[in-house]
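There are 2 protein chains.
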Amino acid sequence: MMKAKTRKPKAKSKGKETPKQIAKKLEGIGDGMVADIKKGKDPSFKTQLRGRSNVEFDEDRGILTLGDKETTRNFLNIGHARKFMQTTMVAAKTRDYLNQNKTASIREVYYELKHTVPNSKENTFDGQTESDAVIVDLEHSVNTIREKLNLHANPKGTLYGDITLKDKMHHNDKFNCAKLGRGGWSVMSRLEPEEIEIVSVNAKYVLVIETEAMYERLVEEQFAKKNHCILVSTGGQAARGTRRLINRLNSEKKLPVIVFTDGDPYGWYIYSVIKQGSMALAAHSQYLACPEAQYVGMTLHDVETYGLENVTERMKDGDIKRAKEMLEYPWFKNKLWQNQLKKAIREKIRIEQQALANKSLEFVATEYLPKKIKEKDFLP
Amino acid sequence: MMKAKTRKPKAKSKGKETPKQIAKKLEGIGDGMVADIKKGKDPSFKTQLRGRSNVEFDEDRGILTLGDKETTRNFLNIGHARKFMQTTMVAAKTRDYLNQNKTASIREVYYELKHTVPNSKENTFDGQTESDAVIVDLEHSVNTIREKLNLHANPKGTLYGDITLKDKMHHNDKFNCAKLGRGGWSVMSRLEPEEIEIVSVNAKYVLVIETEAMYERLVEEQFAKKNHCILVSTGGQAARGTRRLINRLNSEKKLPVIVFTDGDPYGWYIYSVIKQGSMALAAHSQYLACPEAQYVGMTLHDVETYGLENVTERMKDGDIKRAKEMLEYPWFKNKLWQNQLKKAIREKIRIEQQALANKSLEFVATEYLPKKIKEKDFLP
């Protein structure tokens, strides 16, 4: 079970360094190892311990964080040697990326470094999970996020509304996301301020939407303009780039964030990852989470309020299992979410965003969302 | 097994009508039924027979088409009555959409029309598959595509390069897709010329890319500018909107289309759907297919040519089964594809686009693609 912990915020040391400075830090790790070897010492590498045992929920800040437990890996320990080699390979490669101003997806790094060690049958990496784990180790040991190591995950998500961005790495393109037709801007995997500047934003809040289809509905209904907001669709679980965008709209531009997903444990989990961060990336919640986010729907109470009994669906076993797990998470330990989750487990039904079309196509845009948002009828 | 057939192209009657004219056609169906009822006759509804037995491969045009077999549904036939009701419901609703200038996703139509018939326990629709089937029937009976009935599927896909679009339904926004930073334009579900105009395009060809990650790689390498092309990423199987975009770039703008997917049966199937159309939508290939498309890679021969033996993956059983099916499709009945598929079944390996990173990150952009495209080293 997840621990809840109250402690003072860490100084925000991360993220101020230039690519060259981070490259220097990576070189520092290598220099230390070389020095150890020259002294006849066993070279070692220190990183933070991951896994649930070291993940904490910081109640003051409302985000998941990684605890202080550390782990050391030694080259001359047979159990560590392989991972040690992998770590130095990825460190050297990302150092090169930073110096050459190149970026790579984490799958590309895996492929770029995979080979059979000469005169052996040993592969450097046997699968991407191995290189992914090493990347997380490196993030911790140089105290940064992968985007600042010039690595990234796959992109997903769309942005629409009166917001002007500038891509400093692409001819300083400046574009307003309300003027790209109904399609909107395809959110990149990399949303760091060093690369993408939020030039201006003219909105009262950000509405984050789980499905692309609902996003298109709200665009067609001119919801952004009529309600003075920005629309971000995640297309399911939000990608890192999209989470970083939401985080920046909230922290830099002070925009409230309102999340709108399907009414089921999967949708609620999408919300919780946007709000508190994820366990796998607990160390980076300050970049990726948005603790002030609020949840507008769908809730199972909406089913009764709006007479949607006819358009619910049965929850799958996996959903019910997930709901039971979520009951135990500290950040769902409040009355409203406990009620919601217990209701889901009891009634075994789910309700999709698009089910609101049962009232009328425009109902979601003209009644459901405006009313709930005006009355602040949110879950925390 | 799929039939191959050579016959004269049908006149392209579809797609010239205005929304009002299509609404009139839908009303015509209803008027006919009312007239039948008034005459004491059993009202009926005629549509094309679907399913593989009526799907043909038109060798002259290089696309899948639907044959001439028709089927009639009668209201007073107990086996037809439910579907008859569903058809009239969807026809009436899409007539309303057209008259009100509204559009809807096919999931929204399902939700909008789903209810329990008063004084009964009968639901109008028990699942989206029922309404989806009725939509296809209607497309056939008024000889159009769902987009022109103001219906659409979910969007997916991204567009990048020196192409200027205008969205006539959204303030006539005009934007150039090379000037939206590295993110690009998020392709809509609706790409009909009545809505989205291709104002200008400055490119020698269109490169269609299966994965978002490879798309980002090529954007970073400035591939579009250096090679004077447009990039379209499909993010897996191409959505209808993206297929329509590719179709229009080829048919309206006469741009050659080159497809670049993972080297496995799934990737090759993505290619074949872009090129010849799909069996499920055989009636609409003229809008959605692109018979002139060519395939640049990945091929299993690339593995040997570029020494990628170390970064192949084992094919799953499902992939092998799919490859065996594809051997029998008429449009794969040529020596090059038969060789490719047999090689896959024999060696049971697959090779991803991103595996080219094993040479170097930029290899795909500076050597692999330029060389193969220059030498027209394509599969048909």
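If you're matching them up, the sequences are chains H and V in order. Terminal number for the first sequence in the UniProt record's numbering: 380, no gaps in between. Terminal number for the second sequence in the UniProt record's numbering: 380, no gaps in between. All residues carry an ideal CB built from backbone N, CA and C; glycine is no exception. The structure displayed is predicted, hence computed values, not measured ones.
Bounding residues of the alpha helix (DSSP H) (the contiguous stretch that carries residue i)
| i | result |
| --- | --- |
| residue 84 of chain H | 78 to 100 |
| residue 209 of chain H | No alpha helix (DSSP H) contains residue 209 of chain H, which is instead part of the beta strand (DSSP E) from 205 to 209. |
| residue 340 of chain V | 335 to 347 |
| residue 198 of chain H | Per DSSP, residue 198 of chain H belongs to no alpha helix (DSSP H); it is in the beta strand (DSSP E), 196 to 201. |
| residue 322 of chain H | 317 to 327 |
| residue 48 of chain H | Premise fails: residue 48 of chain H lies in the beta strand (DSSP E), 44 to 48, not in any alpha helix (DSSP H). |
| residue 374 of chain H | 369 to 374 |
| residue 70 of chain H | Not the alpha helix (DSSP H): residue 70 of chain H falls in the beta strand (DSSP E), residues 70 to 74. |
| residue 285 of chain V | 285 to 288 |
Any chain H beta carbon closer than 8 Å to residue i
| i | result |
| --- | --- |
| residue 231 of chain V | no |
| residue 382 of chain V | There is simply no residue 382 of chain V to check, as chain V begins at 1 and stops at 380 in what is shown. |
| residue 105 of chain V | yes |
| residue 67 of chain V | no |
| residue 260 of chain V | no |
| residue 298 of chain V | no |
| residue 154 of chain V | yes |
| residue 158 of chain V | yes |
| residue 179 of chain V | yes |
| residue 376 of chain V | no |
| residue 18 of chain V | no |
| residue 8 of chain V | Residue placement at residue 8 of chain V is poorly supported in this model, since its pLDDT is 44, which falls under 50; the coordinates are not used for a value here. |
| residue 91 of chain V | no |
| residue 187 of chain V | yes |
Buried/exposed call for residue i, threshold 16 Cβ in 10 Å
| i | result |
| --- | --- |
| residue 273 of chain V | buried |
| residue 8 of chain V | Residue placement at residue 8 of chain V is poorly supported in this model, since its pLDDT is 44, which falls under 50; the coordinates still yield a value, given next. When all chains shown are included, residue 8 of chain V counts as exposed. |
| residue 12 of chain H | Legend: pLDDT at residue 12 of chain H = 44, less than 50; position of this residue unreliable, value from coordinates given subsequently. It counts as exposed. |
| residue 76 of chain H | exposed |
| residue 152 of chain V | buried |
| residue 365 of chain V | buried |
| residue 10 of chain H | Residue placement at residue 10 of chain H is flagged as unreliable, the pLDDT there being 44, under the threshold of 50; the coordinate-derived value follows with that caveat. By the 10 Å Cβ count, residue 10 of chain H comes out exposed. |
| residue 78 of chain V | exposed |
| residue 183 of chain V | buried |
| residue 63 of chain H | buried |
| residue 383 of chain H | Lying outside 1 to 380, the shown extent of chain H, residue 383 of chain H is not represented and no answer is given. |
| residue 328 of chain H | exposed |
| residue 101 of chain V | exposed |
| residue 53 of chain V | exposed |
| residue 228 of chain V | exposed |
Min CB distance residue i to chain V below 8 Å
| i | result |
| --- | --- |
| residue 62 of chain H | no |
| residue 355 of chain H | yes |
| residue 334 of chain H | no |
| residue 102 of chain H | yes |
| residue 175 of chain H | yes |
| residue 287 of chain H | no |
| residue 131 of chain H | no |
| residue 264 of chain H | no |
| residue 111 of chain H | yes |
| residue 192 of chain H | no |
| residue 243 of chain H | no |
| residue 358 of chain H | yes |
The beta strand (DSSP E) enclosing residue i, as first and last residue numbers
| i | result |
| --- | --- |
| residue 295 of chain V | 294 to 297 |
| residue 58 of chain H | 55 to 58 |
| residue 65 of chain H | 63 to 66 |
| residue 304 of chain H | Per DSSP, residue 304 of chain H belongs to no beta strand (DSSP E); it is in the alpha helix (DSSP H), 300 to 305. |
| residue 20 of chain H | Careful: residue 20 of chain H lies outside any beta strand (DSSP E), inside the alpha helix (DSSP H) at 19 to 38. |
| residue 176 of chain H | 173 to 176 |
Nearest-angstrom Cβ-Cβ length linking residue i and residue j, presumed shorter than 8 Å
| i | j | result |
| --- | --- | --- |
| residue 163 of chain V | residue 146 of chain V | 25 Å between Cβ atoms; not a contact. |
| residue 381 of chain V | residue 275 of chain V | Nothing can be reported for residue 381 of chain V, as the shown portion of chain V is limited to 1 through 380. |
| residue 137 of chain H | residue 47 of chain H | 4 Å |
| residue 155 of chain V | residue 212 of chain H | 5 Å |
| residue 57 of chain H | residue 73 of chain H | Incorrect: roughly 28 Å between the Cβ atoms, too far for contact. |
| residue 238 of chain V | residue 178 of chain V | Incorrect: roughly 21 Å between the Cβ atoms, too far for contact. |
| residue 181 of chain H | residue 196 of chain V | 7 Å |
The ligand COA heavy atom lying under 7 Å from the CB of residue i
| i | result |
| --- | --- |
| residue 196 of chain H | The ligand COA is not part of the structure shown, which contains no ligands of any sort. |
message: Ignoring anything shorter than 3 residues, give me the beta strand (DSSP E) runs that lie fully in the region 215 to 271 of chain V, in order along the chain.
response: Runs found: 229 to 233 and 257 to 260.
field: Whole beta strand (DSSP E) elements within the region 97 to 163 of chain V, 3-residue minimum
entry: DSSP runs (the beta strand (DSSP E)) wholly in the region 97 to 163 of chain V: 158 to 160.
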